[in-house]
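Numbering (this note's numbering), first residue to last: 62 to 499.
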């Protein structure tokens, strides 16, 4: 089995060699940029790439044509999904034929489809980014990968394709106790190095099953666990580490761009930003000014490699905070990534409340299988709970939530049998029906 995993790795790199070492060259560039971030060579290279993509966007797209001659990033407007959807064709570079571009379609966290184009070099860059960051997590090409996400006809592979990539697909839209039990049985019955990549909510379902069944440590060799797409709670992180005896980290990525940042395995919780492939800004919540280090703001991305459809200062819709440890002369870090700004919650005085703080209250209640916090007004909140048996801690939970949201908060507990997944396969922990930010 180990020999087969090694063979897959060598076959992958051999195929890349025969095609001109295109992925290898990108991989070496990423490694150099992120391991020598403070060197003048890296800084000059990144400045040249930024200038090049800005000039290309202004010269070859309708949307940015009025920015011809502008060389500063701050001369360009901040755009978002709505603007890109409404003016889609004006973002596509005239230098490329449609046949040379690869469409990438995401359902979006709210289920609304969103489409962008990638050119072929951008796809190669994304492949190299994936290799670098998976290795950083502890996973190498050829090892067995359990991939937990929504698998539909558009993204399914053939049985041969899964075998070639040594991948076990797990469809989270159908995830239940029987499926989790079968997956664990498979892991414990085969001598392979397993790596787990999946939605944070799917990993939480695995944790709840293991706790509920008193399973004990999973008897399998697990190299890494990487959570994607949703905020990884402290409960899930600690519980996965306990049962699988492997580093557990969170990755921040999206389909329209790629891997933007990933937590280090040192336990610091900080996200190393992929400055090799992107310029990342944190802008204030209400207007387009740079947020201070440690201040929660909007995550805005400039893709340095998508020449087919340049996205300059693209507001991802997510929120996070720049680490004070970041500097011009070294690596950039995010202290936190908290998910969609449209799902941010606010206390009764209108202040942003970190989802991490609310999640902490939930870890202590083993009876809770699923939960969701909904804000319907400036002081009105509903906490939906799917519990195992009777929940006798309602008064205590309300008191804890009032400590975070305000003593004048109107908090209603609602018991449900299931909190449904979105069409994207993700489960929203926070829902804001009372939006304070644009």
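C-beta atoms are modelled at their ideal positions from N, C-alpha and C, and glycine is treated no differently.
Across the structure, residue 338 and residue 167 are spaced so that their CA atoms are roughly 20 Å apart. The residues 248, 249, 255, in chain order, have a CB closer than 6 Å to that of residue 281 in the same chain once the five nearest residues on each side in sequence are set aside. In the DSSP assignment, residue 311 forms a beta bridge with 288. The beta carbons of residue 322 and residue 257 sit no closer together than 9 Å.
Per the Cβ contact rule, the stretch 82-94 is in contact with the stretch 180-194 (3 or more Cβ pairs under 8 Å).
Taking a contact as a CB-CB distance under 8 Å, the pair residue 318 and residue 364 counts as one, their CB atoms being some 6 Å apart. With distances taken between CA atoms, residue 188 lies nearest to 320 out of 327, 436, 320, 324. Separation of residue 93 and residue 325 (C-alpha to C-alpha, rounded to the nearest whole angstrom) is 17 Å. In the displayed model, residue 72 falls within a helix according to three-state DSSP. For residue 334, the closest of 383, 480, 348 by C-alpha to C-alpha distance is 383. Counting C-beta pairs with one atom in each stretch, the stretch 193-203 and the stretch 281-292 have three or more that are closer than 8 Å, which means they touch. Straight through space, the alpha carbons of residue 129 and residue 241 are spaced by roughly 55 Å. Residue burial annotation: residue 72 is exposed, with fewer than 16 other C-beta atoms found within 10 angstroms of its C-beta. Residue pairing of residue 230 in beta bridges, as defined by DSSP: 208.
When rounded, the separation of the alpha-carbon atoms in residue 138 and residue 454 is 49 Å. Distance between residue 114 and residue 371, taken at the CA atoms: about 7 Å.
Inter-residue distance for residue 353 and residue 413 is about 16 Å (C-alpha atoms, whole angstroms).
Using a 10 angstroms sphere on the CB of residue 449, the tally of other CB atoms stays under 16, which defines it as exposed. Secondary structure at residue 107: helix, using DSSP grouped into helix, strand and coil. When the Cα atoms are used, residue 176 and residue 148 turn out to be separated by approximately 12 Å. Within the DSSP bridge table, the entry for residue 419 names no partner. When rounded, the separation of the alpha-carbon atoms in residue 330 and residue 362 is 21 Å. Within the model, the alpha-carbon separation for residue 447 versus residue 426 is close to 12 Å. Residue 399 and residue 379 have their C-alpha atoms spaced approximately 7 Å apart. Here residue 155 is exposed, its C-beta having fewer than 16 other C-beta atoms within 10 Å. For residue 136, the closest of 396, 434, 373, 478 by C-alpha to C-alpha distance is 373.
A direct Cα-Cα distance of roughly 51 Å separates residue 273 from residue 150.
Just measuring C-alpha positions, the residue of 265, 369, 206, 235 sitting nearest residue 222 is 206. In the DSSP annotation of this structure, residue 373 is not part of any beta strand (DSSP E), being labelled neither H nor E. Ranking 309, 262, 117 by CA distance to the CA of residue 131 puts 117 first.
Distances from the CA of residue 141 to each of 212, 107, 349 were compared; the closest alpha carbon is that of 349. Per DSSP, residue 452 lies in no alpha helix (DSSP H) and is assigned neither H nor E. In the DSSP assignment, residue 185 falls within the alpha helix (DSSP H) that extends over 181-198. Here residue 293 has 261, 311 as same chain residues with Cβ atoms under 7 Å from its own Cβ, once five neighbours each way along the sequence are excluded. Excluding sequence positions up to five before and after residue 88, its CB lies within less than 7 Å of the CB of 189, 192, 193, all in the same chain and listed in chain order. Take residue 480, set aside five residues on each side of it, and the residues of its chain with a beta-carbon closer than 7 Å to its own are 431, 433, 445, 447, 488, in chain order.
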